[in-house]
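If you read the protein sequences in the order shown, they are chains S and D. Quick note, the working numbering runs 10 ahead of the 1-based positions in the first sequence. Quick note, the working numbering runs 62 ahead of the 1-based positions in the second sequence. Just so it is clear, CB atoms sit at the ideal spot from N, CA and C, and this is done for glycine as well. Report on one structure; see the data block that follows.
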Amino acid sequence: MIKQTKKYFGFVFSTLLITFTSSVFAKNIDEQVSSLLKDQAALASGEKNYGIYCAACHKKDLSGAVGFNLKDSEWVHGDSAEAVFNNISNGFAQAGMPGFGTMLSEEQRKEIVAFIFSKREGMANIEYKIYQPSQYPNYSFADLAKATPTKQGKSTDNLIHFELAETKEYAIVVTADVYAPNDKDAMLFAKPGPFSQFEVLVDGEPVKMQGGWDRFWQLKKGYQHLTFKMMLPKAPYNELTQTNLDLRVMTPDEAINFFPVSKKAETIINQLEFNIIADKKVVVQRKKVADLPAYSISVGFPSKLNYAFNTKTCSVVGVWKGDFLNVGPNIIERGKSSSLPIGSWVFKSPQVIGSQQAEDCLFTKYHKTDQPTFYFNLNGVDLSLTVKTVNAGLIEFEYQVINAHGNALLALDLPELANSKVAVSANNQSIAADKINLAKTKTFTVTISGI
Amino acid sequence: MKKTLLAASLITALTPALAEQVIPLGYHLQTITTPAEMEFHVTGLDVDSDNNIYAATRFGDVWRYTATGQWLKFAEGLHEPTGLLVEDKQNIVIAQKPELTRLTDTDKDGVADDYIKLADGWKFHDNYHEYHFGPVKDKQGNFYGTLNLSHGDPNAFDMGTMGSSGGYRGWAYQVNTKGEFVPYAFGLRSPAGIGISPDNEVFFTDNQGDWVATSTLQLLQKDKFYGHPVSLIDHPDFSKDKIRNTSVEDYDKWRQKPVVHIPHVEIANSPGNPEWDTTKGKFGPFSGQIFVGDQTQSNVFRIILEEVDGVRQGAVINFIDGFQSGNIRIKFDHKGQLWVGQTARGWGAKGPKPYGLQKVVWDGTTPFEVLDIKAKPDGFRVSFTQPVNAESVNKKSITAEQWHYTYSANYGSPKVDLTKLEIKSIKQVDAKTLDLKLDATEDHVVMIDFAGVTNAKQQHPSSTKVYYTLNKKPE
């Protein structure tokens, strides 16, 4: 994945200056954007204009390309609604971003800010208080209410730095704003080792701690206010107890890291990159891949198109454009997390190229050559699938009927794509996907063009 | 005996772990250089008829190591294989997480081109802990493998720790000669090692944890229950409620008792595959015995089996420790050298390296070691590899104790009712053999320590403690 290095400190200064000189206006903008966040029509309008004016540089999913990632915790030019509004309005000429102040109305710009904020993921406004054992003689969080922290402050990088405690034994109370994904279940995950105590509140309400070795707490979707309390056990304690905590937000099955919460987690997540690139020849990898079902086999082409074949449904369960796979999360430590496709999806499961009777499929083998071929049986018919890519805009799925008996009709599901064309043909003639007569049609091809 | 002292006695006292390596005289470790810049966690090992070594890596590759020391990649892109079996030079069978797969080199260019599904009759849910161990092949041509339970899968049925989302997790399977997947036995937890004896019997090891008091060696038998109830969600006679409501006592009566308990930490935490010494003496005096590596302890230990009135049991004894990483796969080659495949990723190992490949080579020197132990109605008969010094044999030079374990959902069991055993008498049967009289109890592990026993050169065995699982006393 492309990760931008963010070093525009000069702009941070200028943003702060604007913030300082226009605080009344800022409050208005912040409040207005906050209210637009609850307005579905405004968010839809913001998304539409974002797609037109912003997505080319910041990507449709806000993950960043030429322009910065707009949904993570790093906000180089300030993370208030007012700062983002001003950045959209004025642009950054030196960095190649135009100002949209004259192109878009004030309302349209606020809607874009609201849309960006609705997609935001990460931490903000982190404040911490650190206590030493003499201040909590009963090793209870109740002790902390009366105690004076030995250290307190605000995070400057939207991460919790547990090493700030500097002592082995300590307690910490952190408050922060959390922007969890809006569309996926998320958990706050900690890897503390044994015997540490925790108390977690979301929007003031206690959240039940789950897990055994690893601890986790259910988060709400979208924005929430977090209070996170940790108290290390009395020393000397188990050597597995972690004083510098790995704390992050993940899917409940630990397959996907949404974002780090602590500096240690960021360091670990950044080590998770191990890219396999099909630069000279076709590469086949069988790994756990984010957003693909189990039993998927990924195939990458030097043309920068990639697909995945599933051995349980004998379907093509995804096509993506870009370099092939970052398998790092799947091969580091216990390999709990998924490999990540590099690039962007053309389609992915539940969209498929495959039989509507996929449950009757029996996968046989794949033959690994320059053009890998998958062999399988569907309803008594032996078939093979060979995939070819001519360039990054065209991929062809060529099915061969090896052995068909009787009246074998195949109904093929195809993906519905907004920007690419999907067609089925046999003998250079277009055919219907829902009634392919396998007794007569020995070869047919699904072509996706204009990718 | 060889005890390599690495430090002065004062330092030794402070850092006992570094003080000495257990390694019998005449045995040496050799480290194999693995391909540069490769994640070479070796989790599958076998040898072909020309003594080429085949290694499967957790990264997903299969490599061939030739007798001339060349590494050649045979296959790639597999899903964390944890077992490999050579059928012949063109056909390698590997156990990868979702599938039992035959890799075939159809054009004989030294690289596999067909990746053929042999079986996938279980369910894999993309959980990291759903390992697939195996295969072994019996003389009839049936394959066997074992299927790990899951861990941390939010959709899984569990009783506290390891779980199953269904599809024969926690089962052993057979793929018969017709190619059919046969669910074979159940109640397994983390059965990381499977092996087949020269007598065509399949054994497996299971790792200590919930419902496994300490790591075990078990004999694989059809339709038997090995103790972990979570796997029963795929058993036709059980529902989740019935699994939860069945008492520990009832499970205890039903389960197969381990053939051998492998004491936690002292011998092993995470044992790998049992490998029989069929080298006919090329590897030294331990012919016919079982060798097993341990991933956590970075050691290799021996298992000595016997059958008493139809009941299997036996002893474990440490063999060599101080390997460079976690030993998960071992295999004898045709020269009688013991290859050791290693990984430490995710669980850690005493050995400092993250992965690697080593081998144990014997130089022909016979060390002074405990060779064999057999249960007797009133004690044990123990033999050594060399004549013992009769003067070193007395009730002070040999000590014994016994304990048992609690079978429960708890994560492992401490030693229960740990008791010292009086050595009532010692009789020297011949130059190398002693009969010990002591009152040991069935269903206990009996540990006998020969710390004071020497040979004529005043050498001690490198490992003095033998742990015998006394399931049945001979009558």
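Presumed contact (8 Å Cβ cut-off) between residue i and residue j, rounded CB distance
i: Met241/S; j: Ala181/S; result: 4 Å
i: Val188/S; j: Gln234/S; result: 5 Å
i: Gln158/D; j: Leu140/D; result: 5 Å
i: Gly145/D; j: Gly203/D; result: So it is not a contact: roughly 17 Å between Cβ atoms.
i: Gly460/S; j: Ser440/S; result: Incorrect: roughly 16 Å between the Cβ atoms, too far for contact.
i: Lys336/D; j: Tyr313/D; result: The residue you asked about is not Lys; residue 336/D is Pro in the sequence shown. Going by Cβ atoms, the distance from Pro336/D to Tyr313/D rounds to 25 Å, so no, they are not a contact pair.
i: Trp233/D; j: Phe248/D; result: 5 Å
i: Val309/S; j: Val329/S; result: Wrong, their Cβ atoms sit about 10 Å apart, outside the cutoff.
i: Gly514/D; j: Lys438/D; result: Rounded, the Cβ-Cβ distance is 22 Å, inconsistent with contact.
i: Phe110/S; j: Ser99/S; result: 6 Å
i: Lys390/D; j: Gly403/D; result: Sequence check: residue 390/D is Ile here, not Lys. Their Cβ separation, rounded to whole angstroms, is 6 Å, which keeps Ile390/D and Gly403/D in contact under 8 Å.
Chain S within 7 Å of residue i, Cβ atoms only
i: Asp175/D; result: yes
i: Ser141/D; result: Before going on, a small fix: residue 141/D reads as His here, not Ser. Answer yes: the Cβ-Cβ gap between His141/D and chain S drops below 7 Å somewhere.
i: Pro414/D; result: no
i: Ile156/D; result: no
i: Phe205/D; result: no
i: Pro160/D; result: yes
i: Pro216/D; result: yes
i: Gly410/D; result: no
i: Pro291/D; result: no
Interface flag, residue i vs chain D, CB-CB below 7 Å
i: Thr31/S; result: For Thr31/S, the pLDDT reaches just 43, beneath the cut-off of 50, and the residue's location in the model is therefore unreliable, leaving the point undetermined.
i: Pro339/S; result: no
i: Arg344/S; result: yes
i: Pro204/S; result: no
i: Arg258/S; result: no
i: Val294/S; result: yes
i: Gln263/S; result: The sequence given here places Asp at residue 263/S; Gln does not occur at that position. Closer than 7 Å: yes.
i: His171/S; result: no
i: Ala200/S; result: no
i: Tyr376/S; result: yes
i: Phe208/S; result: no
i: Ala181/S; result: no
CB contact check: residue i to chain A, cutoff 7 Å
i: Ile390/D; result: Any reference to chain A falls outside this structure, whose protein chains are S and D.
Inter-residue spacing [alpha-carbon to alpha-carbon] between residue i and residue j
i: Ile435/D; j: Lys315/D; result: 28 Å
i: Thr31/S; j: Lys239/S; result: Here Thr31/S scores only 43 on pLDDT, less than 50, and its place in the model should not be relied on; the value that follows carries that caveat. Going by the C-alpha atoms only, they are around 36 Å apart.
i: Asp182/D; j: Glu173/S; result: 47 Å
i: Val423/D; j: Ser525/D; result: 18 Å
i: Pro32/D; j: Ser349/D; result: Nothing in the structure corresponds to residue 32/D, since chain D is present only between 63 and 537.
i: Thr168/D; j: Ile154/D; result: 12 Å
i: Gln381/S; j: Gly418/D; result: 33 Å
i: Asn451/D; j: Ile94/D; result: 39 Å
i: Gln399/D; j: Gly88/D; result: 13 Å
i: Ala300/S; j: Ser348/S; result: 5 Å
i: Thr358/D; j: Gly403/S; result: 50 Å
i: Phe373/S; j: His323/D; result: 41 Å
i: Ile405/S; j: Gly163/S; result: 54 Å
i: Val274/D; j: Asp479/D; result: 18 Å
i: Phe287/D; j: Val198/D; result: 20 Å
i: Pro159/S; j: Leu211/S; result: 20 Å
i: Glu41/S; j: Ala124/S; result: 11 Å
i: Lys230/S; j: Gly214/S; result: 12 Å
For this session: At 3 residues or longer, and completely inside the segment 219-275 of chain S: list those beta strand (DSSP E) runs for me, N to C.
Result: 225-228, 233-241, 257-260 and 267-270
Could I get the ranges of all uninterrupted beta strand (DSSP E) runs contained in the segment 412-443 of chain D, with 3 residues as the minimum, in chain order? 417-424 and 432-438
- Message: Closer than 8 Å between beta carbons: that is the criterion. Which residues of the segment 89-121 of chain D meet it against chain S?
- Response: Glu101, Arg120 and Phe121
Which residues, taken in chain order from the segment 222-244 of chain D, show a beta carbon closer than 7 Å to some beta carbon of chain S?
Thr223
Practice problem: Using a Cβ-Cβ cut-off of less than 8 Å, give me the residues of the segment 170-197 of chain D that come near chain S, in sequence order. | Solution: Ala174, Asp175, Asp176, Tyr177, Ile178, Lys179, Asp182, Phe186, His187, Asp188, Asn189, Tyr190 and His191
Report the residues of the segment 276-292 of chain S with a CB closer than 7 Å to any CB of chain D, ordered along the chain. Taken residue by residue, none of the segment 276-292 of chain S has a beta-carbon sitting less than 7 Å from a beta-carbon on chain D.
For the segment 284-335 of chain D, which segments carrying the alpha helix (DSSP H) assignment without a break, of at least 4 residues, lie completely within its bounds, in sequence order? 302-307 and 310-316
Under 7 Å (Cβ pairs) to chain D, residues found in the segment 398-418 of chain S: none
**Message:** Which complete beta strand (DSSP E) runs does the segment 181-228 of chain D hold, if anything under 3 residues is left out?
**Reply:** 194-199, 205-209 and 224-226
Alpha helix (DSSP H) runs wholly inside the segment 291-368 of chain S, at least 4 long, in chain order = 338-341
Entirely within the segment 368-395 of chain D and at least 3 residues each: give me those beta strand (DSSP E) ranges in chain order. Counting only runs of 3 or more, we get 373-382 and 389-394.
Practice item. Could you list the residues in the segment 317-337 of chain S with a C-beta less than 9 Å from some C-beta on chain D, going in chain order? Key: Thr321, Lys322 and Val337
Identify every run of the beta strand (DSSP E) within the segment 470-495 of chain D, keeping only runs that are complete inside it and at least 3 residues long; order them along the chain. 478-483 and 487-492
When you check each C-beta in the segment 396-409 of chain D against every C-beta of chain S, which residues fall closer than 8 Å? Arg407, Gly408 and Trp409
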